[in-house]
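Asker: Residue numbers (our numbering): 9 to 119. The beta carbon of each residue, even a glycine, is placed where N, CA and C say it ideally should be. Before I ask anything, here is the structure I am working with.
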Ligand SMILES: [Zn+2]
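Here is the structure:
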């Protein structure tokens, strides 16, 4: 059994009594929390070229198998230009993806 608790704002009686003030969308200089709209997120999913992380994930997903031998042992090839975290290790997903290599037949290709 999980110890996770689900917070449901509409079921909180204290929250229902005091309705929240309407949120104004301001520039990036504000300290207010940023609101992400669902429609904007769906647009990014449908157009991965707008979001480099989505494009990277799509490339990794589309190149899971080798086009030469159709096996699944594919290694993504990345440049050594990723961000380094505080412990000196590269942040996963921050390096530039330049291609793929099959670990079975050594075939290489670009995304
Ligand atoms: Zn292969």
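Closer than 7 Å is what we want: which residues have a beta carbon that near any heavy atom of ligand 1? List them in chain order.
Answerer: 74, 76, 77, 79, 110, 112, 113, 115
Asker: Is it buried or exposed, residue 108, if we count other Cβ atoms within 10 angstroms and call 16 or more buried?
Answerer: buried
Asker: For residue 113, which beta-bridge partners are listed by DSSP?
Answerer: Its beta-bridge partners do not exist; DSSP assigns none.
Asker: Does the distance from the CB of residue 41 to the CB of residue 71 come in under 9 Å?
Answerer: no
Asker: Taking residue 99 as the reference, which of 111, 86, 106 has the closest Cα?
Answerer: 86
Asker: By the 10 Å Cβ neighbour count, where 16 or more other Cβ atoms means buried, how is residue 50 classified, buried or exposed?
Answerer: exposed
Asker: Unbroken alpha helix (DSSP H) runs of length 4 or more, entirely within the region 61-104: which are they?
Answerer: none
Asker: To the nearest angstrom, how far is it from the Cα of residue 130 to the Cα of residue 111?
Answerer: Since the first and last residues shown for the chain are 9 and 119, residue 130 lies out of range.
Asker: Quick check on residue 113: buried or exposed, where buried means 16 or more other Cβ atoms within 10 Å of its Cβ?
Answerer: exposed
Asker: Going by other Cβ atoms of all chains shown within 10 Å of its Cβ, with 16 needed for buried, is residue 82 buried or exposed?
Answerer: It is buried - the Cβ of residue 82 has at least 16 other Cβ atoms within 10 Å.
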